[in-house]
Amino acid sequence: MSVIKARYKIVTPMFIAGADQEDSAELRPPSFKGVLRFWFRATALPHFDNKVEEVASAEGQLFGRQSSGGVDAGKSRFSLKIDHKIKDNQIVKAGERWDGYGLAYLGYGVINRKEKNTRSYIKQGNTFEVTLFLKPDVSDKEKLLLRRSLIALGLFGGLGSRSRKGFGSVNLQSITEDDREVWVQPGTVDELKDRIKNFVKELGFLSKDLPQYSAFSEHTNIAIFSRNADSVKLLDEIGKEMIRYRSYGVDRGGKRILPWGETAQQNFKVDHDRIVNAIKGEKPDALPERIVFGLPQNYRFSSYHFSRGEKVAITPVNANRRASPLFIHIHELSNCSAAVFTLLTSHFLPSGEKIKIAVSGQEDIVFDAKVNYSVILDFIRRFPSKIQVYP
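Once you know that position 83 of the sequence shown is 811 in the working numbering, the rest is easy, because the numbers rise by one and skip nothing.
Here's what the structure looks like:
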(Lines of atoms letter the chains of each structure in order from A and count residues from 1; the text may use other names and numbers.)
(Lines give C-alpha, C1' and ligand atoms only; values in the text may rest on other atoms or scores of the structure.)
Protein backbone atom coordinates (compact mmCIF):
# COMPACT_ATOMS: atom_id res chain seq x y z
CA MET A 1 0.00 0.00 0.00
CA SER A 2 1.39 3.40 -1.03
CA VAL A 3 1.09 6.35 1.34
CA ILE A 4 1.06 10.05 0.46
CA LYS A 5 1.44 12.57 3.28
CA ALA A 6 0.83 16.30 2.90
CA ARG A 7 1.52 18.81 5.64
CA TYR A 8 -0.32 22.17 5.58
CA LYS A 9 -0.22 25.37 7.60
CA ILE A 10 -3.37 27.44 8.16
CA VAL A 11 -2.43 31.07 7.43
CA THR A 12 -5.79 32.88 7.68
CA PRO A 13 -8.78 32.22 9.99
CA MET A 14 -10.59 29.04 8.90
CA PHE A 15 -14.38 28.92 9.21
CA ILE A 16 -14.86 25.18 8.88
CA ALA A 17 -17.88 23.53 10.42
CA GLY A 18 -17.85 20.99 13.19
CA ALA A 19 -20.94 19.27 14.58
CA ASP A 20 -22.33 22.68 15.59
CA GLN A 21 -21.45 25.44 13.12
CA GLU A 22 -21.70 28.25 15.67
CA ASP A 23 -19.94 26.61 18.60
CA SER A 24 -17.37 24.34 16.98
CA ALA A 25 -14.85 24.28 14.15
CA GLU A 26 -13.31 21.02 13.06
CA LEU A 27 -11.06 19.62 10.34
CA ARG A 28 -12.96 16.58 9.08
CA PRO A 29 -11.84 14.11 6.37
CA PRO A 30 -15.10 14.40 4.35
CA SER A 31 -14.67 18.19 4.11
CA PHE A 32 -11.07 17.86 3.00
CA LYS A 33 -11.93 15.17 0.49
CA GLY A 34 -14.64 17.37 -1.02
CA VAL A 35 -12.16 20.19 -1.59
CA LEU A 36 -9.62 17.73 -2.98
CA ARG A 37 -12.25 16.58 -5.49
CA PHE A 38 -12.64 20.17 -6.70
CA TRP A 39 -8.92 20.61 -7.31
CA PHE A 40 -8.76 17.17 -8.93
CA ARG A 41 -11.34 18.30 -11.50
CA ALA A 42 -9.63 21.65 -12.00
CA THR A 43 -6.16 20.18 -12.59
CA ALA A 44 -7.08 16.93 -14.35
CA LEU A 45 -8.90 18.52 -17.30
CA PRO A 46 -5.67 19.40 -19.20
CA HIS A 47 -4.27 15.93 -18.40
CA PHE A 48 -7.23 14.32 -20.16
CA ASP A 49 -7.00 16.62 -23.20
CA ASN A 50 -9.93 18.68 -21.91
CA LYS A 51 -12.39 15.79 -22.18
CA VAL A 52 -14.90 16.30 -19.37
CA GLU A 53 -16.25 12.75 -19.56
CA GLU A 54 -12.79 11.26 -19.02
CA VAL A 55 -12.18 13.53 -16.01
CA ALA A 56 -15.51 12.45 -14.50
CA SER A 57 -14.68 8.79 -15.08
CA ALA A 58 -11.22 9.12 -13.51
CA GLU A 59 -12.64 11.02 -10.55
CA GLY A 60 -15.30 8.39 -9.94
CA GLN A 61 -12.82 5.53 -10.13
CA LEU A 62 -10.43 7.19 -7.68
CA PHE A 63 -12.65 9.10 -5.24
CA GLY A 64 -15.76 6.96 -5.50
CA ARG A 65 -18.84 7.91 -7.42
CA GLN A 66 -21.24 10.44 -5.93
CA SER A 67 -24.98 10.05 -5.83
CA SER A 68 -27.24 12.95 -6.80
CA GLY A 69 -27.29 13.98 -3.14
CA GLY A 70 -23.49 14.29 -3.01
CA VAL A 71 -22.96 11.11 -0.97
CA ASP A 72 -20.39 8.57 -2.15
CA ALA A 73 -22.26 5.87 -4.05
CA GLY A 74 -19.13 3.94 -5.01
CA LYS A 75 -16.08 3.05 -2.96
CA SER A 76 -13.03 5.28 -2.95
CA ARG A 77 -9.68 3.67 -3.77
CA PHE A 78 -7.93 5.55 -1.01
CA SER A 79 -8.67 6.36 2.60
CA LEU A 80 -7.86 9.68 4.22
CA LYS A 81 -6.74 10.61 7.72
CA ILE A 82 -6.11 14.05 9.24
CA ASP A 83 -3.74 14.53 12.18
CA HIS A 84 -3.41 17.80 14.04
CA LYS A 85 -2.73 19.25 17.49
CA ILE A 86 -5.29 22.05 17.38
CA LYS A 87 -6.37 22.68 20.95
CA ASP A 88 -9.59 24.25 22.18
CA ASN A 89 -7.87 27.58 22.81
CA GLN A 90 -7.06 27.71 19.08
CA ILE A 91 -10.76 27.69 18.20
CA VAL A 92 -12.58 31.02 18.53
CA LYS A 93 -16.30 30.93 19.26
CA ALA A 94 -18.93 33.03 17.50
CA GLY A 95 -19.33 36.62 18.65
CA GLU A 96 -15.74 37.89 18.50
CA ARG A 97 -15.30 41.48 17.36
CA TRP A 98 -13.27 41.89 14.16
CA ASP A 99 -11.04 44.81 13.28
CA GLY A 100 -10.81 45.58 9.60
CA TYR A 101 -13.45 46.65 7.10
CA GLY A 102 -11.81 44.54 4.41
CA LEU A 103 -11.99 41.36 6.48
CA ALA A 104 -15.64 41.97 7.30
CA TYR A 105 -16.41 42.52 3.60
CA LEU A 106 -14.62 39.39 2.39
CA GLY A 107 -16.11 37.40 5.28
CA TYR A 108 -19.71 38.36 4.55
CA GLY A 109 -21.91 35.58 5.90
CA VAL A 110 -19.51 34.42 8.59
CA ILE A 111 -18.85 37.98 9.80
CA ASN A 112 -21.98 40.08 10.28
CA ARG A 113 -22.71 43.78 9.83
CA LYS A 114 -21.49 44.51 13.36
CA GLU A 115 -18.10 42.99 12.44
CA LYS A 116 -18.67 39.95 14.65
CA ASN A 117 -18.13 36.39 13.48
CA THR A 118 -21.31 34.32 13.36
CA ARG A 119 -19.44 31.01 13.36
CA SER A 120 -16.47 29.50 15.14
CA TYR A 121 -13.13 29.42 13.40
CA ILE A 122 -9.66 27.88 13.72
CA LYS A 123 -6.89 30.42 14.29
CA GLN A 124 -4.15 30.92 11.74
CA GLY A 125 -0.74 29.43 12.56
CA ASN A 126 -1.93 25.88 13.18
CA THR A 127 -0.68 22.95 11.11
CA PHE A 128 -2.18 19.62 10.13
CA GLU A 129 -1.12 16.54 8.21
CA VAL A 130 -3.23 14.65 5.70
CA THR A 131 -2.39 11.01 4.98
CA LEU A 132 -3.75 9.20 1.93
CA PHE A 133 -3.61 5.41 2.10
CA LEU A 134 -3.78 4.19 -1.50
CA LYS A 135 -5.06 0.79 -2.51
CA PRO A 136 -2.57 -1.40 -4.44
CA ASP A 137 -4.37 -0.91 -7.75
CA VAL A 138 -3.94 2.89 -7.76
CA SER A 139 -1.74 3.60 -10.78
CA ASP A 140 1.25 5.94 -11.01
CA LYS A 141 -0.84 8.25 -13.18
CA GLU A 142 -3.53 8.42 -10.51
CA LYS A 143 -0.89 9.12 -7.84
CA LEU A 144 0.34 12.02 -9.96
CA LEU A 145 -3.18 13.43 -10.25
CA LEU A 146 -3.68 13.16 -6.50
CA ARG A 147 -0.36 14.92 -5.82
CA ARG A 148 -1.34 17.71 -8.17
CA SER A 149 -4.65 18.11 -6.36
CA LEU A 150 -2.87 18.37 -3.00
CA ILE A 151 -0.41 20.90 -4.41
CA ALA A 152 -3.12 23.01 -6.08
CA LEU A 153 -4.96 23.29 -2.78
CA GLY A 154 -1.77 24.57 -1.13
CA LEU A 155 -0.97 27.06 -3.91
CA PHE A 156 -4.38 28.43 -4.84
CA GLY A 157 -7.02 27.37 -2.32
CA GLY A 158 -8.24 26.93 1.19
CA LEU A 159 -10.76 25.15 3.39
CA GLY A 160 -14.06 26.21 4.88
CA SER A 161 -16.51 29.04 4.25
CA ARG A 162 -15.27 32.07 2.29
CA SER A 163 -12.17 30.17 1.19
CA ARG A 164 -12.35 31.77 -2.27
CA LYS A 165 -12.18 35.12 -0.50
CA GLY A 166 -8.93 34.22 1.26
CA PHE A 167 -10.22 32.78 4.53
CA GLY A 168 -8.95 29.33 5.47
CA SER A 169 -5.93 29.62 3.17
CA VAL A 170 -3.58 26.68 3.63
CA ASN A 171 0.08 26.60 2.61
CA LEU A 172 1.55 23.27 1.56
CA GLN A 173 4.71 22.74 3.60
CA SER A 174 5.70 19.28 2.37
CA ILE A 175 4.56 16.19 0.50
CA THR A 176 6.09 12.76 0.91
CA GLU A 177 5.22 9.66 -1.08
CA ASP A 178 6.27 6.41 0.59
CA ASP A 179 8.66 8.48 2.76
CA ARG A 180 10.22 10.13 -0.31
CA GLU A 181 9.96 13.93 -0.21
CA VAL A 182 8.44 15.31 -3.42
CA TRP A 183 7.63 18.89 -2.40
CA VAL A 184 9.25 21.57 -0.23
CA GLN A 185 7.49 24.87 0.34
CA PRO A 186 8.74 28.01 -1.48
CA GLY A 187 10.41 30.63 0.71
CA THR A 188 10.39 33.76 -1.47
CA VAL A 189 8.05 35.47 -3.93
CA ASP A 190 10.29 34.45 -6.84
CA GLU A 191 10.28 30.84 -5.69
CA LEU A 192 6.49 30.93 -5.35
CA LYS A 193 6.18 32.39 -8.85
CA ASP A 194 8.45 29.72 -10.32
CA ARG A 195 6.60 26.91 -8.53
CA ILE A 196 3.26 28.11 -9.88
CA LYS A 197 4.60 28.58 -13.43
CA ASN A 198 6.11 25.09 -13.45
CA PHE A 199 2.98 23.59 -11.90
CA VAL A 200 0.73 25.05 -14.60
CA LYS A 201 3.17 24.05 -17.35
CA GLU A 202 3.19 20.45 -16.15
CA LEU A 203 -0.61 20.13 -16.14
CA GLY A 204 -0.68 19.35 -19.84
CA PHE A 205 -2.32 20.94 -22.87
CA LEU A 206 -4.30 24.01 -21.80
CA SER A 207 -7.37 24.39 -23.98
CA LYS A 208 -8.10 27.50 -26.03
CA ASP A 209 -11.79 26.78 -25.50
CA LEU A 210 -13.59 27.91 -22.37
CA PRO A 211 -13.90 24.98 -19.93
CA GLN A 212 -17.39 23.82 -19.03
CA TYR A 213 -16.51 24.21 -15.34
CA SER A 214 -13.82 25.93 -13.22
CA ALA A 215 -10.56 24.43 -14.46
CA PHE A 216 -7.16 25.43 -15.78
CA SER A 217 -7.07 26.53 -19.42
CA GLU A 218 -5.46 29.16 -21.64
CA HIS A 219 -8.04 31.57 -20.20
CA THR A 220 -6.70 31.17 -16.65
CA ASN A 221 -5.08 34.25 -15.11
CA ILE A 222 -2.71 34.06 -12.11
CA ALA A 223 -0.96 36.96 -10.38
CA ILE A 224 0.92 37.46 -7.09
CA PHE A 225 0.76 40.55 -4.87
CA SER A 226 3.08 40.70 -1.87
CA ARG A 227 3.37 42.94 1.18
CA ASN A 228 5.65 43.16 4.20
CA ALA A 229 2.69 42.43 6.47
CA ASP A 230 1.18 39.45 8.21
CA SER A 231 -1.31 37.29 6.36
CA VAL A 232 -4.45 38.70 8.01
CA LYS A 233 -3.44 42.33 7.45
CA LEU A 234 -2.75 41.54 3.80
CA LEU A 235 -6.19 39.95 3.45
CA ASP A 236 -7.79 43.03 5.05
CA GLU A 237 -5.93 45.26 2.57
CA ILE A 238 -7.27 43.21 -0.35
CA GLY A 239 -10.79 43.41 1.08
CA LYS A 240 -10.58 47.19 1.38
CA GLU A 241 -9.40 47.42 -2.22
CA MET A 242 -12.37 45.33 -3.30
CA ILE A 243 -14.69 47.71 -1.42
CA ARG A 244 -13.07 50.66 -3.22
CA TYR A 245 -13.57 48.90 -6.54
CA ARG A 246 -17.12 47.64 -6.10
CA SER A 247 -18.90 49.92 -3.63
CA TYR A 248 -21.23 52.79 -4.55
CA GLY A 249 -20.76 54.31 -1.11
CA VAL A 250 -23.12 55.49 1.63
CA ASP A 251 -24.72 58.94 1.55
CA ARG A 252 -23.26 61.28 4.15
CA GLY A 253 -24.49 64.84 3.69
CA GLY A 254 -24.80 64.49 -0.06
CA LYS A 255 -21.42 62.81 -0.44
CA ARG A 256 -20.90 59.11 -1.10
CA ILE A 257 -18.26 57.67 1.20
CA LEU A 258 -16.76 54.32 2.16
CA PRO A 259 -16.94 52.94 5.73
CA TRP A 260 -13.60 54.51 6.73
CA GLY A 261 -14.48 57.96 5.33
CA GLU A 262 -12.85 57.75 1.91
CA THR A 263 -14.80 59.10 -1.05
CA ALA A 264 -16.43 56.29 -3.04
CA GLN A 265 -15.06 55.79 -6.56
CA GLN A 266 -18.40 54.52 -7.92
CA ASN A 267 -16.81 52.39 -10.61
CA PHE A 268 -20.13 50.60 -11.15
CA LYS A 269 -22.58 53.50 -11.05
CA VAL A 270 -24.42 52.03 -14.04
CA ASP A 271 -25.00 48.80 -12.06
CA HIS A 272 -26.37 50.79 -9.13
CA ASP A 273 -28.67 52.89 -11.30
CA ARG A 274 -30.03 49.85 -13.14
CA ILE A 275 -31.12 48.22 -9.88
CA VAL A 276 -32.61 51.44 -8.45
CA ASN A 277 -34.56 51.95 -11.67
CA ALA A 278 -35.72 48.31 -11.60
CA ILE A 279 -37.23 48.92 -8.16
CA LYS A 280 -39.01 51.92 -9.63
CA GLY A 281 -40.54 49.65 -12.26
CA GLU A 282 -38.19 50.34 -15.17
CA LYS A 283 -37.03 47.14 -16.84
CA PRO A 284 -33.19 47.02 -16.93
CA ASP A 285 -31.56 46.54 -20.32
CA ALA A 286 -28.74 44.36 -18.98
CA LEU A 287 -27.43 42.55 -15.92
CA PRO A 288 -25.09 44.33 -13.49
CA GLU A 289 -21.47 43.77 -14.50
CA ARG A 290 -20.50 42.82 -10.95
CA ILE A 291 -22.38 39.51 -11.14
CA VAL A 292 -19.19 37.97 -12.55
CA PHE A 293 -17.90 37.91 -8.94
CA GLY A 294 -20.52 35.24 -8.18
CA LEU A 295 -24.21 34.71 -7.45
CA PRO A 296 -26.49 35.29 -5.65
CA GLN A 297 -26.14 39.04 -5.28
CA ASN A 298 -28.55 40.80 -2.97
CA TYR A 299 -29.22 44.53 -2.87
CA ARG A 300 -30.74 46.75 -0.20
CA PHE A 301 -30.82 50.53 -0.47
CA SER A 302 -30.80 52.13 2.97
CA SER A 303 -30.23 55.60 1.49
CA TYR A 304 -33.47 55.49 -0.52
CA HIS A 305 -37.02 55.59 0.75
CA PHE A 306 -38.97 53.12 -1.33
CA SER A 307 -42.57 52.41 -0.44
CA ARG A 308 -42.35 48.69 0.34
CA GLY A 309 -38.79 48.29 1.62
CA GLU A 310 -37.89 46.50 -1.61
CA LYS A 311 -35.09 43.99 -1.86
CA VAL A 312 -33.42 42.82 -5.05
CA ALA A 313 -31.89 39.37 -5.58
CA ILE A 314 -29.95 38.28 -8.66
CA THR A 315 -29.66 34.50 -9.00
CA PRO A 316 -29.48 31.72 -11.58
CA VAL A 317 -32.99 30.68 -12.61
CA ASN A 318 -32.57 26.98 -11.76
CA ALA A 319 -29.78 27.02 -9.19
CA ASN A 320 -29.10 28.64 -5.84
CA ARG A 321 -25.67 30.03 -6.57
CA ARG A 322 -22.61 30.35 -8.75
CA ALA A 323 -19.39 30.54 -6.76
CA SER A 324 -16.85 33.21 -7.62
CA PRO A 325 -14.37 32.28 -10.38
CA LEU A 326 -11.75 34.37 -8.54
CA PHE A 327 -9.71 32.56 -5.89
CA ILE A 328 -7.85 34.70 -3.35
CA HIS A 329 -5.19 32.66 -1.58
CA ILE A 330 -2.78 33.99 1.04
CA HIS A 331 0.73 32.55 1.24
CA GLU A 332 3.23 33.09 4.05
CA LEU A 333 6.82 33.40 2.88
CA SER A 334 10.11 33.85 4.73
CA ASN A 335 10.06 37.66 4.69
CA CYS A 336 6.55 38.69 3.62
CA SER A 337 3.02 37.54 2.86
CA ALA A 338 1.71 37.13 -0.68
CA ALA A 339 -1.72 36.96 -2.22
CA VAL A 340 -2.20 34.61 -5.17
CA PHE A 341 -5.07 35.76 -7.39
CA THR A 342 -6.32 32.92 -9.60
CA LEU A 343 -9.09 33.50 -12.13
CA LEU A 344 -10.41 30.18 -13.45
CA THR A 345 -12.36 31.48 -16.41
CA SER A 346 -15.03 29.08 -17.68
CA HIS A 347 -18.62 29.02 -18.86
CA PHE A 348 -20.32 31.00 -16.12
CA LEU A 349 -23.36 28.71 -15.93
CA PRO A 350 -24.37 25.42 -17.59
CA SER A 351 -25.62 25.63 -21.16
CA GLY A 352 -29.13 27.04 -21.35
CA GLU A 353 -29.18 28.37 -17.79
CA LYS A 354 -30.33 31.96 -17.36
CA ILE A 355 -30.08 34.64 -14.68
CA LYS A 356 -33.00 36.46 -13.09
CA ILE A 357 -33.41 39.77 -11.32
CA ALA A 358 -36.08 39.37 -8.63
CA VAL A 359 -37.54 42.60 -7.23
CA SER A 360 -39.98 42.17 -4.37
CA GLY A 361 -43.52 42.75 -5.56
CA GLN A 362 -42.60 42.56 -9.26
CA GLU A 363 -42.34 39.94 -11.97
CA ASP A 364 -38.87 38.40 -12.37
CA ILE A 365 -36.71 39.76 -15.19
CA VAL A 366 -34.71 37.05 -17.00
CA PHE A 367 -31.48 37.42 -18.99
CA ASP A 368 -29.06 35.16 -20.82
CA ALA A 369 -26.08 34.22 -18.62
CA LYS A 370 -23.50 36.52 -20.22
CA VAL A 371 -20.72 37.95 -18.07
CA ASN A 372 -17.62 40.05 -18.61
CA TYR A 373 -14.53 38.50 -17.02
CA SER A 374 -12.50 41.67 -17.65
CA VAL A 375 -14.32 43.13 -14.62
CA ILE A 376 -12.31 40.74 -12.43
CA LEU A 377 -9.09 41.32 -14.37
CA ASP A 378 -9.53 45.06 -13.80
CA PHE A 379 -9.70 44.39 -10.06
CA ILE A 380 -6.44 42.40 -10.15
CA ARG A 381 -4.80 45.25 -12.11
CA ARG A 382 -5.47 47.59 -9.19
CA PHE A 383 -2.43 46.10 -7.47
CA PRO A 384 0.32 47.82 -9.50
CA SER A 385 3.24 45.96 -7.92
CA LYS A 386 1.72 42.56 -8.67
CA ILE A 387 3.71 39.92 -10.53
CA GLN A 388 1.96 38.32 -13.48
CA VAL A 389 2.50 34.55 -13.40
CA TYR A 390 0.14 33.24 -16.09
CA PRO A 391 -0.34 33.98 -18.91
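Glycine is no exception: its CB is placed at the ideal position from the N, C-alpha and C atoms. As the structure is a computational prediction, the values presented were derived from the model and not from experiment.
- Note that the C-beta distance between SER959 and VAL739 is below 7 Å.
- Exclusion of the five residues before and after GLY830 leaves LEU963, ASP964, GLU965, ILE966, GLY967, LYS968, GLU969, MET970 and ILE971 as the residues of its chain whose Cβ lies within less than 8 Å of its Cβ.
- In the three-state DSSP reduction, TRP911 falls in the strand class (E or B).
- Taking a contact as a CB-CB distance under 8 Å, the pair VAL1117 and ILE879 does not count as one, their CB atoms being some 15 Å apart.
- With a cut-off of 8 Å on Cβ pairs, the stretch 900 to 907 is in contact with the stretch 870 to 888, counting three or more such pairs.
- Buried is the label assigned to GLN913, since at least 16 other Cβ atoms lie within 10 Å of its Cβ.
- The beta carbons of GLY882 and GLY888 sit no closer together than 7 Å.
- In the displayed model, HIS1000 falls within a helix according to three-state DSSP.
- LEU1077 is positioned such that its CB atom lies no closer than 7 Å to that of PRO1053.
- Cβ-Cβ distances below 8 Å link GLN852 to ILE738, VAL739, THR740, PRO741, MET742, SER959 and VAL960 in the same chain, with the five nearest sequence neighbours on each side left out; the list follows chain order.
- One Cα belongs to ASN778, the other to ALA1051, and the distance between them is close to 21 Å.
- Out of MET729, LYS1098 and SER1065, the CA that lies nearest to the CA of ALA1014 is found in LYS1098.
- A residue is called buried when at least 16 other Cβ atoms come within 10 angstroms of its Cβ; LYS813 does not meet this threshold and is exposed.
- No Cβ-Cβ contact shorter than 7 Å links SER867 with ALA753.
- Note on geometry: alpha-carbon atoms of GLU870 and ALA772 lie some 10 Å from one another.
- Excluding sequence positions up to five before and after SER935, its CB lies within less than 6 Å of the CB of ASN778 and SER945, all in the same chain and listed in chain order.
- For GLN1116, the enclosing beta strand (DSSP E) begins and ends at 1115 to 1118.
- In this structure VAL1040 is in contact with ILE1085, their Cβ atoms being roughly 7 Å apart against a cut-off of 8 Å.
- Contact between ALA1006 and ILE1093 holds: their C-beta atoms lie close to 7 Å from each other, under 8 Å.
- Non-local beta-carbon contacts of GLN818 in its own chain, meaning distances under 7 Å to residues more than five positions away in sequence, involve ILE850, LYS851 and ASN854 in chain order.
- In this structure, the straight-line span from the alpha carbon of PHE766 to that of PHE1029 is close to 36 Å.
- By the criterion of a C-beta distance shorter than 7 Å, ILE1056 is surrounded in its chain by ARG892, LYS893, GLY894, ILE966, ALA1067 and PHE1069, once the five residues flanking it on both sides are discounted.
- Per DSSP, reduced to three states, the secondary structure at PRO774 is helical.
- Rounded to whole angstroms, the gap between the alpha carbons of ALA770 and HIS1000 is 34 Å.
- Classified as exposed, PHE933 has fewer than 16 neighbouring CB atoms from the shown chains inside 10 Å of its CB.
- Straight through space, the alpha carbons of GLY746 and ASP816 are spaced by roughly 13 Å.
- Rounded to the nearest angstrom, the Cβ distance from SER804 to GLY792 is 4 Å, consistent with a contact under 8 Å.
- Residue environment analysis places PHE861 among the exposed positions, since fewer than 16 neighbouring C-beta atoms fall within 10 angstroms of its C-beta.
- If only uninterrupted beta strand (DSSP E) runs of at least 3 residues are considered, those enclosed by the stretch 1009 to 1086 are 1025 to 1027, 1040 to 1044, 1054 to 1060 and 1065 to 1071.
- As far as DSSP is concerned, MET729 takes part in no beta bridge.
- Rounded to whole angstroms, the gap between the alpha carbons of VAL898 and PHE884 is 9 Å.
- In chain order, ALA1006, ILE1007, GLU1038 and VAL1040 place their CB closer than 7 Å to the CB of VAL1087, counting only its own chain and leaving out the 5 sequence neighbours on each side.
- For PHE1095, the pairing in a beta bridge is given by DSSP as ILE1083.
- DSSP, read as helix, strand or coil, puts GLY982 in coil.
- A residue is called buried when at least 16 other Cβ atoms come within 10 angstroms of its Cβ; SER1113 does not meet this threshold and is exposed.
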